[in-house]
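Numbered by my numbering, the letters in the sequence shown go through residues 168 to 407 in order.
C-beta atoms are modelled at their ideal positions from N, C-alpha and C, and glycine is treated no differently.
Here the structure is laid out as structure tokens; the discussion comes afterwards.
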Amino acid sequence: MLEFGNATAPQLTLLPGGAEPAPPPASGAGSGGDERLLWRQVATGESTRALAPPAPDADLLARSRAAATEAVAVEERLARHIESVTDQLDSAFSWLQPARRHALARQLRVDRGHHAILRARAGKAVAARDVLEDQLSRHRTYLDDHRPALETAKAASAELDRRIDELIGWYAAQPTQPPWFKYGLGFPPEASSYPVWLRRARAAVGYRLRFRVEHPLEPLGAEPAERSRQYQHWVRARNA
168 MLEFGNATAP QLTLLPGGAE PAPPPASGAG SGGDERLLWR QVATGESTRA LAPPAPDADL
228 LARSRAAATE AVAVEERLAR HIESVTDQLD SAFSWLQPAR RHALARQLRV DRGHHAILRA
288 RAGKAVAARD VLEDQLSRHR TYLDDHRPAL ETAKAASAEL DRRIDELIGW YAAQPTQPPW
348 FKYGLGFPPE ASSYPVWLRR ARAAVGYRLR FRVEHPLEPL GAEPAERSRQ YQHWVRARNA
């Protein structure tokens, strides 16, 4: 299936053979300008999305947020403690307990040294988090700025997915399937391997439609030039 949106591909139940021959559905190779427009819209969406600033790794961002929150909390907790001790030392009553005052003053010097370390650590954690947040913001802003093209591509992809399933069902229902479908894809599949077979069939039929492949035996036809844009789609369909 095509790679737009996060929708799960619908289940497709096939009834092999036995049906009366019928004209192929509109998703066939001769569907004309409408189908070519849909593929152009999908291609535009793919190229637009490919140019998007990369989003940060979700797990890395989550860990960075948690680390920054924890580091700031620890730094602020010690800062409040230092403020409390300072207030006690500023009180005139502290002079009535010289031993305690001396202990507090000594501990305050230690705590201030620790606080400087914790403040630097918190600043570093916040800066690391902010880098990832800025990266995510740039990614989202780009997608928002190009939302019309991406939404159009998503709708076109959904329509092409529907036509691909319709065409697979049409091939499966014919008394005799073309060799690339029957032997190349191995139709009908075993019941246990049907989900895997359907994923491969969707990828192969979509590839054949998109690039007008008419090879009678090989579902994906000949391997395209490695440097061509088509090659990337061929690899994805082959590995489906």
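Anticipated Cβ contact below 8 angstroms, residue i with residue j, distance rounded
i: Val252; j: Leu275; result: 5 angstroms
i: Pro223; j: Leu299; result: 4 angstroms
i: Pro386; j: Leu352; result: 5 angstroms
i: Thr319; j: Gly212; result: 7 angstroms
Own chain residues within Cβ distance below 6 angstroms of residue i, not counting five before or after
i: Trp364; result: Pro356
i: Pro346; result: Pro383, Leu384
i: Arg377; result: Trp206
i: Val402; result: none
i: Arg305; result: Pro220
From the options, residue whose alpha carbon lies closest to that of residue i
i: Ala235; options: Ala289, Ser214, Arg207, Val380; result: Ala289
i: Ala371; options: Phe348, Ser359, Pro391; result: Phe348
i: Ala368; options: Pro391, Asn406, Gln341; result: Asn406
i: Asp301; options: Arg396, Pro220, Leu204, Asp201; result: Pro220
i: Ala267; options: Gln255, Asp278, Val277; result: In the sequence as presented, Ala is not what sits at residue 267; that position holds Arg. Nearest option by C-alpha distance: Gln255.
i: Ala217; options: Ala389, Gln341, Ala316; result: Ala316
i: Ala287; options: Tyr350, His306, Ser214, Glu243; result: Glu243
i: Tyr374; options: Ala358, Tyr361, Ala339, Arg396; result: Arg396
i: Ile249; options: Ala294, Trp337, His281, His306; result: His281
i: Thr215; options: Arg314, Ala259, Tyr350, Arg305; result: Arg314
i: Val241; options: Ala339, Asp278, Arg394; result: Asp278
i: Val209; options: Ala339, Asp328, Gly336; result: Asp328
i: Asp201; options: Ser324, Gln264, Ala229; result: Ser324
Cβ-based neighbour list, residue i, same chain, cut-off 8 angstroms, excluding 5 preceding and 5 following
i: Asp227; result: It should be noted that the sequence gives Leu, not Asp, for residue 227. Within the same chain, Leu227 has close Cβ partners Leu299.
i: Leu271; result: Val252, Gln255, Leu256, Ser261
Chain-order list of residues whose beta-carbon lies under 7 angstroms from that of residue i (same chain, five-residue window excluded)
i: Tyr398; result: Pro391, Ala392
i: Ala292; result: Ala234, Ala235, Ala238
i: Ser231; result: Ala295, Arg296, Leu299
i: Ala246; result: His282
Legend entry - Secondary structure, alpha helix (DSSP H): runs of 4+ residues fully inside the segment 332–388: Given a length threshold of 4 residues, each whole run of the alpha helix (DSSP H) inside the segment 332–388 is given here in chain order: 361–378.
Inset, instruction - Give, in chain order, every unbroken run of the alpha helix (DSSP H) that is at least 4 residues long and sits entirely within the segment 227–315. - result: The segment 227–315 contains these whole alpha helix (DSSP H) runs: 265–312.
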